[in-house]
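**Student:** Quick one: the structure is below, and I'll ask about it shortly.
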Amino acid sequence: MTTLPDRPNTALLVIDVQNGVMAPAVNRDAVIGNINTLVGKARAENVPVVWVQHSNDELPLGSEAWEFVPELVRADGEPLVHKLYGDSFEDTDLEAVLAERGVGRVLVTGACTDACIRSTLHGAFVRGYDTTLVGDAHTTDDMTSWGAPPPEQVIAHTNLYWTYQSAPGRAAGTVDTAKVDFAAQG
Numbered sequence: 001m002t003t004l005p006d007r008p009n010t011a012l013l014v015i016d017v018q019n020g021v022m023a024p025a026v027n028r029d030a031v032i033g034n035i036n037t038l039v040g041k042a043r044a045e046n047v048p049v050v051w052v053q054h055s056n057d058e059l060p061l062g063s064e065a066w067e068f069v070p071e072l073v074r075a076d077g078e079p080l081v082h083k084l085y086g087d088s089f090e091d092t093d094l095e096a097v098l099a100e101r102g103v104g105r106v107l108v109t110g111a112c113t114d115a116c117i118r119s120t121l122h123g124a125f126v127r128g129y130d131t132t133l134v135g136d137a138h139t140t141d142d143m144t145s146w147g148a149p150p151p152e153q154v155i156a157h158t159n160l161y162w163t164y165q166s167a168p169g170r171a172a173g174t175v176d177t178a179k180v181d182f183a184a185q186g
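Those letters in the sequence shown? Residues 1 to 186, by full-length UniProt numbering.
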């Protein structure tokens with residue numbers, strides 16, 4: 001259903017599941033476990049797993065904080081996209097990585113819900129991708145001191161509003177790990 005021609009494939013995006021990002025994250029272990037389940041399922045079904053890694057002043061390139069969490073291991077040959085902005089497409093080669101693999105549908109996992117996850121969801125959707133959020137495979141940390149709602153509410157609200165996202169010729173939605181179907185269209 002994607003608006004991208006000749007892109008029948010699906011990819012799993014693993015966004016910013018890095019030590020410095022995940023240390024303060026809500027439900028850290030459960031979210032990492034769900035992402036690990038999805039990575040294993042994607043590999044078993046020959047679905048591309050695309051790893052996205054952020055760097056900034058708090059996540060300096062090559063630092064321990066910048067490294068992916070040890071529970072998740074990127075396999076040889078799985079693409080790695082380095083980014084500096086919230087949207088994983090912004091000023092990166094993600095679009096080329098997905099185009100090369102014929103991907104028109106992405107499943108989004110990772111951190112942080114209220115920043116890079118939301119930015120990437122919208123970035124993918126406006127670029128023509130069918131975009132599914134895996135509702136129990138993303139997280140954020142507590143930003144209430146800056147006026148944000150509690151993290152559990154941020155996650156729940158994002159899951160809710162993405163469930164009802166729509167646009168001509170594209171599909172969106174939210175699904176839990178146990179119900180992910182990489183072969184589904186839209």
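Think of the CB as a built atom: it goes at the ideal place given N, C-alpha and C, for glycine as much as any other residue.
Here the structure is a predicted model, which means the values were calculated and not measured.
Sort P48, A178, T158 and A171 by Cα distance to L4 and report the nearest one.
**Tutor:** A171
**Student:** Counting contacts by CB-CB distance shorter than 8 Å, is D87 in contact with chain D?
**Tutor:** The structure shown contains no chain D; it holds only a single protein chain.
**Student:** Between which two residues does the beta strand (DSSP E) holding K83 run?
**Tutor:** L80 to K83
**Student:** Spell out the partners DSSP gives A172 in its beta bridges.
**Tutor:** T131
**Student:** In the DSSP output, what is I15 paired with across the bridge?
**Tutor:** V52 and G110
**Student:** Could you give the DSSP three-state label for A137: helix, strand or coil?
**Tutor:** strand
**Student:** For the segment 97 to 111 and the segment 144 to 154, state whether three or more C-beta atom pairs, one from each stretch, are separated by less than 8 Å.
**Tutor:** no
**Student:** Among all the DSSP beta bridges, which residues are the ones paired with V103?
**Tutor:** N9
**Student:** Is it right to say Q53 is buried, meaning 16 or more other beta carbons lie within 10 angstroms of its own, or is it exposed?
**Tutor:** It counts as buried.
**Student:** Identify the residues that DSSP records as bridge partners of A167: which are they?
**Tutor:** For A167, which the question treats as bridged, DSSP gives the partners R170.
**Student:** Just to check my reading of the structure: V81 and V50 have Cβ atoms closer than 8 Å, yes? What is that Cβ distance to the nearest angstrom?
**Tutor:** Taking C-beta atoms under 8 Å as the contact rule, V81 and V50 qualify, at a distance of about 6 Å.
**Student:** Within 8 Å, do at least three Cβ pairs link the segment 92 to 104 to the segment 134 to 145?
**Tutor:** no
**Student:** Can you check whether the CB of V180 is closer than 8 Å to the CB of L59?
**Tutor:** no
**Student:** Provide the residue span of the alpha helix (DSSP H) that contains R43, from first to last.
**Tutor:** R28 to A44
**Student:** I need the DSSP call for N68, collapsed to helix, strand or coil.
**Tutor:** Asn is not the amino acid found at residue 68; the sequence shown has Phe there. It is a strand residue.
**Student:** Skipping 5 residues on each side, what residues in its chain have a beta carbon closer than 6 Å to that of I155?
**Tutor:** T113
**Student:** Just to check my reading of the structure: N46 and L84 have Cβ atoms closer than 8 Å, yes? What is that Cβ distance to the nearest angstrom?
**Tutor:** That pair is no contact at about 31 Å.
**Student:** Which residue's Cα is closest to the Cα of R7: N34, D130, A23 and D142?
**Tutor:** D130
**Student:** Identify the continuous alpha helix (DSSP H) that holds F182 and give its terminal residues.
**Tutor:** Premise fails: F182 is in no alpha helix (DSSP H) and is neither H nor E.
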